[in-house]
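Read the structure below first, then the notes.
Number of protein chains: 4
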Amino acid sequence: MDFSYSEKVVTLQKKLTRFMEEHIYPNEQLYEEQLSQQESRWSQVPPMMESWKKKAKEQGLWNLFLPDSEYGAGLTNTEYAPLCEIMGRSLIAPEVFNCNAPDTGNMEVLVRYGTPEQKKQWLTPLLNGEIRSCFSMTEPQVASSDATNIEADIVLDGDEYVINGHKWWTSGAGDPRCRFAIVMGKSNRNARKHEQQSMIIVPLDTQGVTIKRMLPVFGYDHAPHGHAEITYTNVRVPKENIIWGEGKGFAIAQGRLGPGRIHHCMRLIGAAEYALEILCKRVQERSAFGKSLANQGVIKEWIADSRIEIEQARLLTLKAAYKMDKYGNKEAKPEIAMIKVVAPSMALRVLDRAIQGLGAAGVSDDFPLAAQWANARTLRLADGPDEVHRAQLAKLELQKHLVQTEVETV
Amino acid sequence: MDFSYSEKVVTLQKKLTRFMEEHIYPNEQLYEEQLSQQESRWSQVPPMMESWKKKAKEQGLWNLFLPDSEYGAGLTNTEYAPLCEIMGRSLIAPEVFNCNAPDTGNMEVLVRYGTPEQKKQWLTPLLNGEIRSCFSMTEPQVASSDATNIEADIVLDGDEYVINGHKWWTSGAGDPRCRFAIVMGKSNRNARKHEQQSMIIVPLDTQGVTIKRMLPVFGYDHAPHGHAEITYTNVRVPKENIIWGEGKGFAIAQGRLGPGRIHHCMRLIGAAEYALEILCKRVQERSAFGKSLANQGVIKEWIADSRIEIEQARLLTLKAAYKMDKYGNKEAKPEIAMIKVVAPSMALRVLDRAIQGLGAAGVSDDFPLAAQWANARTLRLADGPDEVHRAQLAKLELQKHLVQTEVETV
Amino acid sequence: MDFSYSEKVVTLQKKLTRFMEEHIYPNEQLYEEQLSQQESRWSQVPPMMESWKKKAKEQGLWNLFLPDSEYGAGLTNTEYAPLCEIMGRSLIAPEVFNCNAPDTGNMEVLVRYGTPEQKKQWLTPLLNGEIRSCFSMTEPQVASSDATNIEADIVLDGDEYVINGHKWWTSGAGDPRCRFAIVMGKSNRNARKHEQQSMIIVPLDTQGVTIKRMLPVFGYDHAPHGHAEITYTNVRVPKENIIWGEGKGFAIAQGRLGPGRIHHCMRLIGAAEYALEILCKRVQERSAFGKSLANQGVIKEWIADSRIEIEQARLLTLKAAYKMDKYGNKEAKPEIAMIKVVAPSMALRVLDRAIQGLGAAGVSDDFPLAAQWANARTLRLADGPDEVHRAQLAKLELQKHLVQTEVETV
Amino acid sequence: MDFSYSEKVVTLQKKLTRFMEEHIYPNEQLYEEQLSQQESRWSQVPPMMESWKKKAKEQGLWNLFLPDSEYGAGLTNTEYAPLCEIMGRSLIAPEVFNCNAPDTGNMEVLVRYGTPEQKKQWLTPLLNGEIRSCFSMTEPQVASSDATNIEADIVLDGDEYVINGHKWWTSGAGDPRCRFAIVMGKSNRNARKHEQQSMIIVPLDTQGVTIKRMLPVFGYDHAPHGHAEITYTNVRVPKENIIWGEGKGFAIAQGRLGPGRIHHCMRLIGAAEYALEILCKRVQERSAFGKSLANQGVIKEWIADSRIEIEQARLLTLKAAYKMDKYGNKEAKPEIAMIKVVAPSMALRVLDRAIQGLGAAGVSDDFPLAAQWANARTLRLADGPDEVHRAQLAKLELQKHLVQTEVETV
């Protein structure tokens, strides 16, 4: 049992922190302003982003998420966790280090399951940060928390697959640099329940791909990436675009979501840490009813509880990462499910306390609290709602103590 | 003890409900779209609003909030509660019936404390829905939860008051029809703590009044009304614009906030009811893991708890309204404080459950849940944060059982 | 809408309060000591109890629970609520006024469904407080939260019913004055699901009735009444002892539990009020870290939240009572279910805060907090666990918004 | 970062688990019965206890708590944590392995601060399990959460110290084998605030030591050890009985409480684990409303949340233990405070869910849930109430972000 970070990690933490302090924090509002001053918030990414990416690459702060050392930085998940946390302190930071969702998930899929040709065409530019990508899974017509509900079709016709489907919450599709989507759909409705699905690469400029609208999240548009509602109407792509093979969609999703989920959790911990810092500073600057807000008992309780909850979430995240490193993503499934339930709710509580402590400033955009809150709120739904993860955890727990009856499958 | 609504109330409930179903619900999204299609979301109010107002006035659904029968509908607070609740189901509805904050509060101030001349110039057009107004109290530089912290100056100079101050969260100031602000500031820093403040009417087109920016709430701009940051620099208004008299600002605030607070709570109950309806419908339409969402035990628990919490909040609101009617706003202070703590948190929980039950649709603008959530969240801060109300309640409770020591004043 | 208590109620409140202050509060610990000084805590009831009962009867504070004016005080449920609340402030008080469970429930059953002979033999002495009774429903072998699970047999054999069954949590059976049980069991396993059950009167001295042991509740034995595990082995009683008729057990249970449930809630509100009083007094008497506990922000928040939660629970209880009075117990089912969920949890929270505020004294028997807590805890289980009530509420709520699918029956 | 247990630990876990399964679990109820069958529950310890202790000593399962290898097993805190957890599954188990409070704390005090003579006379028999001891600190007249409130006197008079004081919650004093108390009191009221206190060894058979009564905890007497109210009236002991020296009481208390606190937390984790096991088994054995309790969504949520909360509490406990081992008890103060807040509340929630899932059986003594709950409840108060730990944590957190004002000392 050893709870210390290695020297390598501590060095990277320092570098990242310095980068954030020098470049990101002082320019977050400027980034947002530049975005708003454009004709459309979707037409262009403020140029400081590419400049930051160049700097990050030079400093070796690039693709840290990828344990695979051929393509990425070769850090373990346990090593990456405290670094990803730092990136999570700003909503615009992860992209700077090429560590942002959903591209990281897509890169992992291509590293693991992509053909050499797919890697060359799609993975390499993603790894270089030259293009962006999106992931098209959720559908408006069904409860997508149950992935077997998905209705889109991926049907082979000659040398091409034909895709028909209606998707939404395809995050990142609004980005002007976004080149392709990985689409999940059904290739064989007669196969076994978890072998009906396939994933396929669809270039966004293919005929029949239509972005209907960008969906807001609590009033935020999340430009320039955003969340798209997309229809795929008789979209034809070469059959070589299938990933891994027909019927592998569900298996890929399972593999893809593990790392993706824990990355979200790491970032949420950073967001919560930052919120706690903001709160601690602000309550020492302001007074009401004759004493510093920092001396109000209730606020002290918020601070203590926030510290306690952050610590616990961080430890659970690290344990999950450790199990992924040591035993593989599949073995770490219970821990990933746990942290996926814990981290968003923890972050929401910490952020909400900070908002309350700041008063009206907290709900505005003068501080990152409200925007981080809205983001964290989506993560109680994205990649599986809390309830699905809890049901899976209960199932696993009950199986340890099997008595007489079969437990329903989740 | 009689828990039934009078026939008068039941009739008005039906009329209001029909109005909402015929006019408001089907057009909420259109209203929002028209707003966005304008050059600026602040330049104009979609014309359907004035048309609705005309209809509402014709149907006697106008100024229902005002117990004073000379100026308003003459309903008691207890009678108004279940009607205001219905209006609260849509964020754009209260204005339709001339029952929207902060105008209602301003009208009450003018009815109670305004001179005949003030009434003629400012109250009458407000009562007619011809103009809008705003209320300028909160300041960015101090913890405004303690109203004695307020720093703006209102200083007599000859026949004029000169106002200097920096305000924000002046809600409604963005509305193109907004004509004046009621500004709170200090007229005498040497007076007793709660007699230093005055309120004064400031026409928004007076020289020295500058709207610096409109503040967002969780990404929402709340156009066309919005929340303004305003500077008042050597703003001069006739001394007749003072309300009630110098040093009366705190007393007016206390009187103003009672009804304002309970109206917010009434509307929140309506918002929660509507959210529960949306949830109940949606979970019967969707299935996951082989059964209707409506049959998932966890969701059933959300529904039951929501019903329970709404009922309790409604009863407490009605009790507070009853005490206001029977014993006056001052006597009802504890109940108003209680419901001001209860209603926003209750609504946030119910809305949050509905969001979770709807999945990603819940955080978007396809349903009113996220927007209502953001609005409810501000109400844990506006008109006094929860913590201040709780501290006052504790003080009152402790005084019932005085033992040996003095309790600190809140 | 009228939230005032009638003069009749206010007068009775005063009388009851004076009785409690004169007789009960000063002697609660003495009562407990006398009980412990006996050879067995089950052999005798401290004589002060009969003396109190005599006084209560003389003052007209007797059988207040019974709306039926032929047998009881003829108060409505709404009138009884604030009185029952006062009794709930002491765990030994309800018996003083002949208003204690499970006798009240049994008296109501006999008033409604008893034959003249049953009334003469069992109801009259109960109404006079001469004997006590118990109610035998819950069984150790099945989840009794689902009453259809009950396994005991009530089989007609000639002129007698033969009862075989294993029951526990038969409260009151330990009392030396306890004369009979109302036993629930199955008389016809082929009848429709809710017509298989019957209820029958079984004198406790009948052959085959064996009290196996008295069950503790969080270490409390609740002597002299207690909770018994009882076996009924070939117990024969005259067929006239059946109540209402064969197959009516479930219907009686439904009728019996409504008033019983709401009485529990009324008492819990009194227990919570008393706890809040104790807390408010104590925190003004003690200091830590240089200031009165009453000035610690966290404790002030406990006090405020307790007041808020008590008020809401009381209003919901009164509304439920009102609906029972005006529309009947069946119509009031949703409100009864709501308050049955709300009141125990509310009381547990308030009691727990008081315990925490008192420190170690709070968990001891120097204050009634721990004992009241343990009692309240059982009421999240007794008369239906929270989860069953919530499931019923959800079902009712979903039915208001029926969309396409059938909702599972609870 | 390494989350694995060492081989040494895994081996000891297995041995301990086997010991618990062979000896403790099957005899817990028998132990309780034997205690009750005695004339007094305080007169004697059931003989199986000494027999178990002998076996445990033979198997090397003895004094595992003591990191000091001269006197104890020499395990680090991190190694001891998962072992102590296993002992915590039964309320009577810790004594079997000589690892029970308050003896462990007293042994640590004597190891660290005792003179050779004190060690010989009091430490050696404690280490051998031949005698028991108690710790006399809390007083009924003051809020003992603030240790500076303590009023007892320890005054030098010639060669003796004279002790006068009124203590309660002196745990373990009821045990027939209890030989001495460590008493905390004031030796110099003119010294600096945290140097007024001393600790002294008082043999329980000294004249002037009177056990007034044993205090119950939620109805449990916790015999044969119990919690005593004790008066010390002109109690004279040799001056050599002072520990470390006059004025060192507060420093010793700080040192004593660190390990004591974390041991409580370790045991609570074990209690929660056991409760979760009981719940998982029971809900698979019972059905209601047509399906296994294990398939009710709400119960599945309880199970998942329990697993999640246990995991997080365990990790935080291990981290605290790790910091104690690596940097010392003082450096680990924040983590100890955190886990002291987290573990009791976590255990209370898990135990409460298990109770609810078991129905009435849960509140009885047929399962260890209610007794463990009552024990855990005291641990939100003992060794510092939650609020004091939270206030300290907030202070530490605020100091990291010092802005302008001084933060009040806790």
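Chains as they are written, first to last, in UniProt numbering: chain X, 1 to 410; chain D, 1 to 410; chain U, 1 to 410; chain A, 1 to 410.
Each residue gets a CB set at the ideal place from its N, CA and C atoms; glycine is no exception.
**Asked** Residues of chain D with a CB under 9 Å from the CB of A/GLY297: which are they?
**Response** Neighbours of A/GLY297 in chain D, taken as residues whose beta carbon is under 9 Å from its own, are ASN295, GLN296, GLY297, VAL298, ILE299, LYS300 and GLU301 in chain order.
**Item:** Close beta carbons around A/SER43, own chain, < 7 Å, minus the five adjacent residues each side
**Value:** So the qualifying residues of the chain are PRO176.
**Stretch pair the region 100-118 of chain X + the region 22-42 of chain X: three plus CB contacts closer than 8 Å** = In short, these stretches do not touch, since the Cβ pair count stays below three.
**Request:** Return yes when the Cβ of D/TYR322 is within less than 8 Å of the Cβ of D/LYS239, no when it is not.
**Result:** Not closer than 8 Å, so no.
**Item:** Three-way DSSP call (helix, strand, coil) for D/ILE92 in this model
**Value:** Three-state DSSP puts D/ILE92 in coil, outside helix and strand.
**Asked** residue 411 of chain D to X/GLY185, Cα distance in whole Å?
**Response** Past the boundaries of the shown model lies residue 411 of chain D; chain D is included only from 1 to 410, so the question cannot be answered.
**Prompt:** Can you name the residues that DSSP bridges to D/ARG236?
**Reply:** DSSP output for D/ARG236 lists D/VAL162 as bridge partner(s).
**Prompt:** Would you say U/ASP2 faces chain D, with C-beta separation under 8 Å as the test?
**Reply:** It does; some Cβ of chain D falls within 8 Å.
**Asked** Contact check, X/PRO203 vs X/ARG179 under 8 Å by CB: the rounded distance?
**Response** X/PRO203 to X/ARG179, Cβ: 6 Å. Contact.
**Asked** Listed in chain order, which residues of the region 337-362 of chain U have Cβ atoms closer than 7 Å to some Cβ of chain D?
**Response** For the region 337-362 of chain U, which is checked against every Cβ of chain D, the residues closer than 7 Å are MET338, VAL341 and VAL342.
**Close Cβ partners of U/GLY74 (< 8 Å) along its chain, the five nearest in sequence each way excluded** = The beta carbon of U/GLY74 lies closer than 8 Å to those of LEU66, PRO67 and ASP68 in the same chain, with the five residues before and after it left out.
**Message:** Quick check: what's the CA-CA separation for A/ALA343 versus A/ALA191?
**Reply:** One Cα belongs to A/ALA343, the other to A/ALA191, and the distance between them is close to 36 Å.
**Request:** Determine the extent of the beta strand (DSSP E) in which X/ALA181 is found, giving its start and end residues.
**Result:** Its beta strand (DSSP E) spans residues 178-186.
**Asked** With 16 other CB atoms within 10 Å as the buried threshold, where does X/PRO327 fall?
**Response** One point to set straight first is that residue 327 of chain X is Tyr, not Pro, in the sequence displayed. So X/TYR327 counts as exposed.
**Request:** Compare the Cα-Cα distances from U/LEU257 to each of U/LEU126, U/ALA332, U/GLU151 and U/GLY247 and report the closest residue.
**Result:** Selected option, being the one with the closest Cα: U/ALA332.
**Message:** For U/ARG307 and U/LEU279, which I take to be in contact (beta-carbon distance under 8 Å), what is that distance rounded to the nearest angstrom?
**Reply:** Not a contact, Cβ separation roughly 11 Å.
**Message:** I'd like to know if D/LYS400 contacts chain U, where contact means its C-beta is closer than 8 Å to some C-beta of that chain.
**Reply:** Contacts with chain U at 8 Å (Cβ-Cβ) include D/LYS400.
**Asked** On the three-pair Cβ rule with 8 Å, is the region 287-297 of chain U touching the region 111-123 of chain U?
**Response** The region 111-123 of chain U and the region 287-297 of chain U do not touch, with fewer than three beta-carbon pairs separated by less than 8 Å.
**Validate contact between the region 284-295 of chain D and the region 140-148 of chain X using beta carbons, cut 8 Å, 3 pairs** = With the cut-off at 8 Å, the region 284-295 of chain D and the region 140-148 of chain X touch.
**Message:** Taking contact to mean 3 or more Cβ pairs, one atom from each stretch, closer than 8 Å, check whether the region 79-88 of chain D and the region 249-268 of chain D are in contact.
**Reply:** Touching, yes, given that three or more Cβ pairs across the two stretches are closer than 8 Å.
**Request:** Could you name the residues of the same chain whose beta carbon sits closer than 7 Å to that of D/VAL109, not counting the 5 residues immediately before and after it, in chain order?
**Result:** For D/VAL109, where only same-chain residues beyond five positions count, the Cβ hits under 7 Å are ILE182, ILE243, ILE252 and ARG256.
**Reduced DSSP category for A/HIS264 - H, G, I as helix; E, B as strand; rest coil** = In the structure shown, A/HIS264 sits in a helix (DSSP, three-state: H, G or I).
**Beta-carbon contacts of A/GLN38 that lie in its chain and below 7 Å, excluding the five residues immediately before and after** = GLN44.
**Message:** Taking a contact to mean a Cβ-Cβ separation below 8 Å, would you say D/VAL198 touches D/LYS167 in this structure?
**Reply:** A small correction: the amino acid at residue 198 of chain D is Ser; Val does not occupy that position in the sequence shown. Their beta carbons are not under 8 Å apart, which means D/SER198 does not touch D/LYS167 by this criterion.
**Request:** Go ahead and pull the three-state DSSP assignment for X/TRP169.
**Result:** Here DSSP, grouped into helix, strand and coil, assigns X/TRP169 to strand.
**Prompt:** Going by the CB atoms, is the gap between D/PHE97 and D/TRP62 shorter than 8 Å?
**Reply:** It is a contact, given that the beta carbons lie within the stated cut-off.
**Message:** Is it buried or exposed, A/SER292, if we count other Cβ atoms within 10 angstroms and call 16 or more buried?
**Reply:** Flag for A/SER292 reads buried.
**Request:** State buried or exposed for residue 447 of chain X, treating a residue as buried only when at least 16 other CB atoms are found within 10 Å of its CB.
**Result:** Look at the range of chain X in this structure, 1 to 410, and you will see that residue 447 of chain X is not part of it.
**Prompt:** Using the C-alpha atoms, what's the distance from X/LEU127 back to X/SER40?
**Reply:** If I take the Cα positions, the gap works out to 27 Å.
**Asked** Taking Cβ-Cβ distances shorter than 7 Å, what residues in chain A pair up with U/LEU215?
**Response** Within 7 Å Cβ-Cβ: SER364.
**Item:** Nearest neighbour of A/ILE201, chosen from A/ALA313, A/VAL209 and A/LYS54 [CA to CA]
**Value:** If we check each option's Cα against that of A/ILE201, A/VAL209 comes out closest.
**Prompt:** The alpha helix (DSSP H) with U/CYS99 in it runs from where to where?
**Reply:** Taken as a continuous stretch (DSSP letters only), U/CYS99 belongs to no alpha helix (DSSP H), as it is neither H nor E.
**Request:** Tell me D/MET214's beta-bridge partners as DSSP assigns them.
**Result:** D/MET214 pairs with D/ALA228.
**Message:** I need the DSSP call for X/ALA288, collapsed to helix, strand or coil.
**Reply:** Secondary structure at X/ALA288: strand, using DSSP grouped into helix, strand and coil.
**Prompt:** Using Cβ-Cβ distances below 7 Å, what residues of the region 169-192 of chain A are close to chain U?
**Reply:** Correct list: TRP169.
**Request:** Alpha carbon to alpha carbon, how far is X/ALA360 from D/THR378? Give it in angstroms, no decimals.
**Result:** Between D/THR378 and X/ALA360, the C-alpha separation is close to 7 Å.
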